[in-house]
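Undergrad:
Protein chains: 2
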Amino acid sequence: MQFDIIKTDRNARACLCETSRGVINTPAFMAVGTQGTVKAVSPDELKEMGAEIILCNTYHLYLRPGHEIVSSLGGIHQFMNWDRTILTDSGGFQVFSLSALRKIDENGVHFRSHLDGSLHFIGPEKAMGIQSVLGSDIEMTFDDCTPYPSTYEYALESLKRTTLWAKQCKEYHKKIQDTGYRIQDTTPLNPPLARGELKGGYDASCIVNRESTQDLFGIVQGGMYKDLRKTSIEEIVTIQFDGYAVGGLSVGEPKEVMHEMMYFTAPFLPVDKPRYLMGIGDLKDVLIGVEAGFDMFDCVMPTRNARNGTLFTSRGKISIKREEFKSDRGPLDPQCECYTCKNYSRGYLRHIFLSKEILSMRLNTLHNLHFYFNFFRNMRKSIIEGKFSEFKSKWEVIL
Amino acid sequence: MQFDIIKTDRNARACLCETSRGVINTPAFMAVGTQGTVKAVSPDELKEMGAEIILCNTYHLYLRPGHEIVSSLGGIHQFMNWDRTILTDSGGFQVFSLSALRKIDENGVHFRSHLDGSLHFIGPEKAMGIQSVLGSDIEMTFDDCTPYPSTYEYALESLKRTTLWAKQCKEYHKKIQDTGYRIQDTTPLNPPLARGELKGGYDASCIVNRESTQDLFGIVQGGMYKDLRKTSIEEIVTIQFDGYAVGGLSVGEPKEVMHEMMYFTAPFLPVDKPRYLMGIGDLKDVLIGVEAGFDMFDCVMPTRNARNGTLFTSRGKISIKREEFKSDRGPLDPQCECYTCKNYSRGYLRHIFLSKEILSMRLNTLHNLHFYFNFFRNMRKSIIEGKFSEFKSKWEVIL
Chain G
5 MQFDIIKTDR NARACLCETS RGVINTPAFM AVGTQGTVKA VSPDELKEMG AEIILCNTYH
65 LYLRPGHEIV SSLGGIHQFM NWDRTILTDS GGFQVFSLSA LRKIDENGVH FRSHLDGSLH
125 FIGPEKAMGI QSVLGSDIEM TFDDCTPYPS TYEYALESLK RTTLWAKQCK EYHKKIQDTG
185 YRIQDTTPLN PPLARGELKG GYDASCIVNR ESTQDLFGIV QGGMYKDLRK TSIEEIVTIQ
245 FDGYAVGGLS VGEPKEVMHE MMYFTAPFLP VDKPRYLMGI GDLKDVLIGV EAGFDMFDCV
305 MPTRNARNGT LFTSRGKISI KREEFKSDRG PLDPQCECYT CKNYSRGYLR HIFLSKEILS
365 MRLNTLHNLH FYFNFFRNMR KSIIEGKFSE FKSKWEVIL
Chain C
5 MQFDIIKTDR NARACLCETS RGVINTPAFM AVGTQGTVKA VSPDELKEMG AEIILCNTYH
65 LYLRPGHEIV SSLGGIHQFM NWDRTILTDS GGFQVFSLSA LRKIDENGVH FRSHLDGSLH
125 FIGPEKAMGI QSVLGSDIEM TFDDCTPYPS TYEYALESLK RTTLWAKQCK EYHKKIQDTG
185 YRIQDTTPLN PPLARGELKG GYDASCIVNR ESTQDLFGIV QGGMYKDLRK TSIEEIVTIQ
245 FDGYAVGGLS VGEPKEVMHE MMYFTAPFLP VDKPRYLMGI GDLKDVLIGV EAGFDMFDCV
305 MPTRNARNGT LFTSRGKISI KREEFKSDRG PLDPQCECYT CKNYSRGYLR HIFLSKEILS
365 MRLNTLHNLH FYFNFFRNMR KSIIEGKFSE FKSKWEVIL
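Protein chains in written order, with the working numbering: chain G, 5 to 403; chain C, 5 to 403.
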């Protein structure tokens, strides 16, 4: 991955990442495509809005349809018809937050699927194996996401495990990249497919066999303890990754604590690599993250809020359910240029939301994602122009 | 409405209707936009697929958001962002099929809303009033949809009521068109809006004040009794409408009876007006309807089936749920040129269907509607080329 800092404004950075799938202008927002689709919108719509990278969840795709199935369907990009950059998480966070009966040891985590209760195991080797088989462009190490609150002792233990696993991830990642080594899945196709081998189908012309490298980002833990965060960063940075992520934030801690950790950690991360603040996407927090020096963000907020009828506008959030919008002919946001605002009234959007129409989820999602991408574009511009603090002050009032 | 017969092949007709919103090539399929949106697709997508006319349900829009609200949002076309022709039904069929506690008398039908149990009344005057306020291009008379089975006596009574109401609809329709007369709604805005008057909103530039005429189609009833069908046609045709519809079919009768009624009624309908076979859309039945001499069809089948994972292909229907599609890289239908088939594999479509993703409903609906519109285009071509019977024979095997 090519990484260039275009401009800094105090600690805020406007950078350019380049993967084999294209460029990513940072600060960048990654829309979340949990099960291989960003909910309610099409890849074409994402491109039109300017999305350069999306995130997919390894845990979900591993359980359904299974990474070998995704591979047999041409890999994650062809599978979901998205030819730009894809980052996959390691599955660690979902194993902790979604699955039942998880049991953790030094090798990894045993857990039950939230879908059917079936037993599974993911550790560093398997996390690397799954992600390589999915074929994402940026992989994440398998980490032990420290819960909040945690004792110092537990946070330390979790940090040590995260470092151990990060080392193993690095080794397995190298082995996979160098030799094409493929892990044995617990739910193999019969017979297991060789890497790049394809199964079924008859339209050979549509098969994209793009050669691409897979980058690996390391994840920092340490709970809400500054010295542990610093230790974790030192240990993870020593292993050397293509980018660095701060995990274990936005897990229930007070906002002030979260912000403090953001300001504290960013300066210790290498300047010449992308910095990813995991799971953060409330725009108020993003402003702080960017100010601290982070480059990449992801969150389900714009898409989930859209489906719940909460919409972002240049004057703040609104709920489309409100009675006052009943016969309102105006657009959601008069300053917005999105497809929804150009073509539909608040009155109509209220009607199809209350009528539970599928188009409602789509139009709302288009609007919120457009708002987010626009916000990030303007934020980047403000950094390049040396006006980030003005941008931040302006939006802190509105958000 | 301008109506021209382009070509006939025995009784099958290829015609051209022209409303103030554009042309409609017949035989035409009308996608159903019950609540002001064709479920799971956008108006732009409908246009791209070649939709020239859609149907909206008066009953649903009257109950929610209310026809006066639709009017205040610019009328049905601006409301839903569809500038081509819209046909509205009269509400009669839904009053009978969806609402509770309906009580019928010579003036109309008292019923309870299926949404909130509130009491409502619709009769000929109100049905015309609602449709004129919605602003559709083609309105339907308020009829008494004869159930199946019905005794001869009941079918006769229902026929007489339908004729009486049709006369009243014609009169009210004329009064509304000539004088701008507006019915008093039971749930009026305060104050009631004059016709064309607009409320709320600030983007005056987006208001379309297109002058358009509203055509009125009469509906034939008569149950499954041929002599009553003939009587009904004679009475309805005497009143003179812009087009004629056959209602009360596909209400539970055996297919053979339905087909017999289709073959029986069509020849008695005026040659120089469009003939609409209401609620029929199973393509096997459409072939018979076209052979009998009908021009317009509507049905929720392609859209509803899509959402249930049942997809039309050139080799017959398939269920996308099937295990065998798990790692199938091929498109739904190798002969299909739709967006879904050009971009997605069966394996992916199966995955997002089982994962209950919103994109699944959209991609499936796009495919099924594309299939329908293509079917109708090719059917029309076969009529123009004098090859309809070959077309019919070919498809009867597949469907």
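Every residue, glycine too, gets a C-beta built ideally from N, C-alpha and C.
#1: Cα separation between Met144/G and Lys321/G?
#2: Can you pull the chain G neighbours of Asn78/C, defined as C-beta to C-beta under 7 angstroms?
#3: Could you name each continuous alpha helix (DSSP H) segment of 4 residues or more that falls completely within the region 309-350 of chain C, going from the start of the chain to the end?
#4: Less than 6 angstroms between C-beta atoms, sequence neighbours within five positions excluded: which residues of the same chain meet that for His64/C?
#5: Evaluate Leu91/C with the Cβ neighbour count: other Cβ atoms within 10 Å of its Cβ, from every protein chain shown; 16 or more gives buried, anything less gives exposed.
#6: Could you tell me which of Ile126/G, His118/G, Tyr156/G, Glu110/G sits nearest to Ala104/G, measuring between CA atoms?
#7: Output the residue ranges of the beta strand (DSSP E) runs that lie fully inside the region 69-151 of chain G and measure 3 residues or longer, sorted by chain position.
#8: Is it buried or exposed, Gly121/C, if we count other Cβ atoms within 10 angstroms and call 16 or more buried?
#9: Since Asn85/C meets chain G, which of its residues come closer than 7 angstroms, beta carbon to beta carbon?
#10: Between the Cα of Tyr136/C and the Cα atoms of Thr217/C, Leu253/C, Lys107/C, Arg165/C, which residue gives the shortest distance?
#11: Please classify Glu394/C: does DSSP put it in a helix, a strand, or coil?
#12: Does the beta-carbon of Arg199/G have 16 or more other beta-carbons within 10 angstroms, so that it is buried, or is it exposed?
#13: Could you list which residues in chain C have their beta carbon closer than 8 angstroms to that of Arg453/G, in chain order?
#14: At the 8 angstroms Cβ level, is Lys1/G part of the contact set with chain C, yes or no?
#15: Pull up the distance between the alpha-carbon of Gln225/G and that of Cys19/G, whole angstroms please.
#16: Once you ignore the five residues that flank Glu257/G on each side, which residues in its own chain have a CB closer than 7 angstroms to its CB?
#17: Within 10 Å of its beta-carbon, does Thr166/G have 16 or more other beta-carbons around it, so buried, or fewer, so exposed?
#18: Using DSSP's beta-bridge definition, name the partner residues of Asp276/G.
#19: Run through DSSP, which three-state label would Ala32/G get?
#20: State the DSSP-derived secondary structure class of Val255/C, mapped to helix, strand or coil.
#21: Does the separation of the CB atoms of Pro16/C and Gly285/C fall below 8 angstroms?
#22: Ends of the beta strand (DSSP E) at Val250/C?
#23: Would you say His177/C lies against chain G (beta-carbon separation less than 8 angstroms)?
#24: In its own chain, which residues sit with a C-beta less than 6 angstroms from the C-beta of Phe33/C, not counting the 5 before and 5 after it?
#25: Under a Cβ-count criterion, where at least 16 other Cβ atoms within 10 Å of its own Cβ denotes burial, should Arg233/C be classed as buried or exposed?
#26: Just to confirm my understanding: we take Ser349/C, look at its own chain, exclude 5 residues before and 5 after, and list those with CB closer than 8 angstroms. What are they?
#27: Go ahead and pull the three-state DSSP assignment for Ile402/C.
#28: Indicate whether at least one CB of chain G lies closer than 8 angstroms to the CB of Ile10/C.
#29: Taking Pro69/G as the query, report the chain C residues whose CB atoms sit under 9 angstroms from its CB, ordered along the chain.
#30: Quickly, what does DSSP pair Ala18/C with across the bridge? List them, please.
#31: Who does Gln6/C pair with in a DSSP beta bridge?
#32: Can you name the start and end residues of the beta strand (DSSP E) that Ile284/G belongs to?
#33: Between which two residues does the beta strand (DSSP E) harbouring Val224/G extend?
#34: When DSSP labels each residue in this structure, what does Met53/C get in the three-state scheme?
#35: According to DSSP, simplified to helix, strand and coil, what is Cys173/G?
#36: Count the other CB atoms, across all protein chains shown, that sit within 10 Å of the CB of Leu123/G; report buried if there are 16 or more and exposed otherwise.
TA: The answer reads as follows:
#1: Locating residue 144/G in the first sequence gives position 140, where the first residue counts as 1. Locating residue 321/G in the first sequence gives position 317, where the first residue counts as 1. Taken atom to atom, the span from the alpha-carbon of Met144/G to that of Lys321/G is near 33 angstroms.
#2: Along the second sequence, read from residue 1 onward, the residue named residue 78/C stands at position 74. Here the sequence assigns Gly to residue 78/C, which means Asn is not the residue at that position. Proximity of chain G to Gly78/C at the Cβ level (cut-off 7 angstroms) is accounted for by Arg333, in chain order.
#3: DSSP assignment within the region 309-350 of chain C yields the following whole alpha helix (DSSP H) runs of 4 residues or more, N-terminal first: 343-347.
#4: Translated into the one-based positions of the second sequence, residue 64/C becomes position 60. Contacts found: Thr38, Gln39.
#5: Reading the second sequence from its first residue, position 87 is the one you call residue 91/C. Result: buried.
#6: If you number the first sequence from 1, residue 104/G lands on position 100. Checked all of Ile126/G, His118/G, Tyr156/G, Glu110/G; the closest Cα to Ala104/G is His118/G.
#7: Correct list: 89-92, 104-109, 112-116, 123-126, 142-144.
#8: For this step, residue 121/C is matched to residue 117 along the second sequence. So Gly121/C ends up on the exposed side.
#9: Within the second sequence, the letter at position 81 stands for residue 85/C. For the C-beta of Asn85/C, the chain G residues within less than 7 angstroms are, from N- to C-terminus, Asn347, Tyr348.
#10: Looking up residue 136/C in the second sequence gives position 132. It is Ser, not Tyr, that sits at residue 136/C in the sequence shown. Considering only Thr217/C, Leu253/C, Lys107/C, Arg165/C, the residue with the shortest C-alpha distance to Ser136/C is Thr217/C.
#11: Taking the first residue of the second sequence as position 1, residue 394/C is located at position 390. Look at Glu394/C here: in three-state DSSP terms it is helix.
#12: Here residue 199/G corresponds to residue number 195 of the first sequence, with the count starting at 1. Low confidence applies to Arg199/G: its pLDDT is 36, below 50, so where it sits in the model is not reliable, and the reading given next is rough at best. So Arg199/G ends up on the exposed side.
#13: The question about residue 453/G has no answer, for chain G in this structure spans 5 to 403.
#14: There is no way to answer for residue 1/G, as the model of chain G reaches only from 5 to 403.
#15: In the first sequence, the residue the question calls residue 225/G occupies position 221. In the first sequence, the residue the question calls residue 19/G occupies position 15. Approximately 24 angstroms, taken between the alpha carbons.
#16: Looking up residue 257/G in the first sequence gives position 253. Closer than 7 angstroms at Cβ, skipping near neighbours: Tyr152, Met228.
#17: Counting from 1 along the first sequence, the entry for residue 166/G is found at position 162. When all chains shown are included, Thr166/G counts as buried.
#18: Stepping through the first sequence from its first residue, residue 276/G is reached at position 272. As DSSP reads the structure, Asp276/G sits in no beta bridge.
#19: Residue mapping note: residue 32/G aligns to position 28 of the first sequence, counting from 1. Residue state, collapsed to three classes: strand.
#20: Here residue 255/C corresponds to residue number 251 of the second sequence, with the count starting at 1. Secondary structure at Val255/C: coil, using DSSP grouped into helix, strand and coil.
#21: The residue given as residue 16/C occupies position 12 in the second sequence. The residue given as residue 285/C occupies position 281 in the second sequence. Note that residue 16/C is Ala in the sequence shown here, rather than Pro. No. Outside cutoff.
#22: The count along the second sequence starts at 1 and reaches residue 250/C at position 246. That run of the beta strand (DSSP E) goes 247-250.
#23: Here residue 177/C corresponds to residue number 173 of the second sequence, with the count starting at 1. For His177/C, the answer is no, since every Cβ of chain G falls outside 8 angstroms of its Cβ.
#24: Taking the second sequence and counting its residues from 1, one reaches residue 33/C at position 29. In chain order, Phe301, Tyr376, Phe380 place their CB closer than 6 angstroms to the CB of Phe33/C, counting only its own chain and leaving out the 5 sequence neighbours on each side.
#25: Residue numbering aside, residue 233/C sits at position 229 when the second sequence is read from its first letter. Classified as buried, Arg233/C has 16 or more neighbouring CB atoms from the shown chains inside 10 Å of its CB.
#26: The count along the second sequence starts at 1 and reaches residue 349/C at position 345. For Ser349/C, the CB contacts under 8 angstroms within the same chain, skipping 5 residues up- and downstream, are Asp332, Arg333, Gly334, Pro335 in chain order.
#27: Taking the first residue of the second sequence as position 1, residue 402/C is located at position 398. Three-state result, Ile402/C: helix.
#28: Counting from one through the second sequence, the residue named residue 10/C turns up at place 6. Answer no: the Cβ-Cβ gap between Ile10/C and chain G never drops below 8 angstroms.
#29: Position 65 of the first sequence holds residue 69/G. By Cβ distance, chain C contributes Lys330, Ser331, Gly351, Tyr352, Arg354, His355, Leu358, Ser359.
#30: For the purposes of this step, residue 18/C is taken as residue 14 along the second sequence, with counting starting at 1. For Ala18/C, DSSP records a beta bridge to Lys11/C.
#31: In the second sequence, counting from the first residue as 1, residue 6/C sits at position 2. In the DSSP output, where bridge partners are listed per residue, Gln6/C has Glu22/C.
#32: For this step, residue 284/G is matched to residue 280 along the first sequence. Per DSSP, Ile284/G belongs to no beta strand (DSSP E) and is neither H nor E.
#33: Reading the first sequence from its first residue, position 220 is the one you call residue 224/G. Segment 219-224, the beta strand (DSSP E) holding Val224/G.
#34: Reading the second sequence from its first residue, position 49 is the one you call residue 53/C. When secondary structure is reduced to three states using DSSP, Met53/C falls in the coil class, being assigned neither helix nor strand.
#35: Indexing the first sequence from 1 puts residue 173/G at position 169. Helix.
#36: Taking the first sequence and counting its residues from 1, the one referred to as residue 123/G is at position 119. Counting the other Cβ atoms within 10 Å of the Cβ of Leu123/G gives fewer than 16, which makes it exposed.
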